[in-house]
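Numbering (this note's numbering), first residue to last: 435 to 551.
So, in structure tokens, the structure goes:
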């Protein structure tokens, strides 16, 4: 689990929730109408607009129903494969990360009785 504070994430959730509600109201749509158009329940839409947890699919359905899906490309832009990685892996795409290895700045000292490092 990441050790990050939830406050900034919660602020984004609140900000996006308010914006979605404003888009709905500017289009003069009721929650029932937008929920029906998005293929979700009115309760799910109400929870989304209130900043509560909903499934990603529900969020995306609402964006699509409000014609806001073009912003998704900017949210998570496509990244091409690294040419160096493609050469190293003989044209195959990476499927997983290997993680970082710890490096030691100094050689390990042999352990002996009665000493404290």
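Just so you know, even glycine gets a beta-carbon here, dropped at the ideal spot from N, CA and C.
For clarity, every value in this text was computed on a predicted model and none was experimentally measured.
Under the rule that a run must span 4 or more residues, the alpha helix (DSSP H) segments found entirely inside the stretch 436-502 read 441-460, 465-472, 476-483 and 490-499. With a threshold of 16 other beta carbon atoms within 10 Å, residue 478 meets it and is buried. The residues 465, in chain order, have a CB closer than 7 Å to that of residue 480 in the same chain once the five nearest residues on each side in sequence are set aside. Here the C-alpha atom of residue 490 lies approximately 57 Å from the C-alpha atom of residue 548. In the three-state reduction of the DSSP assignment, residue 519 falls in the helix class, which pools H, G and I.
DSSP, read as helix, strand or coil, puts residue 505 in helix. Excluding residues up to 5 positions away in sequence, 485 lie with their Cβ nearer than 8 Å to the Cβ of residue 444 in the same chain.
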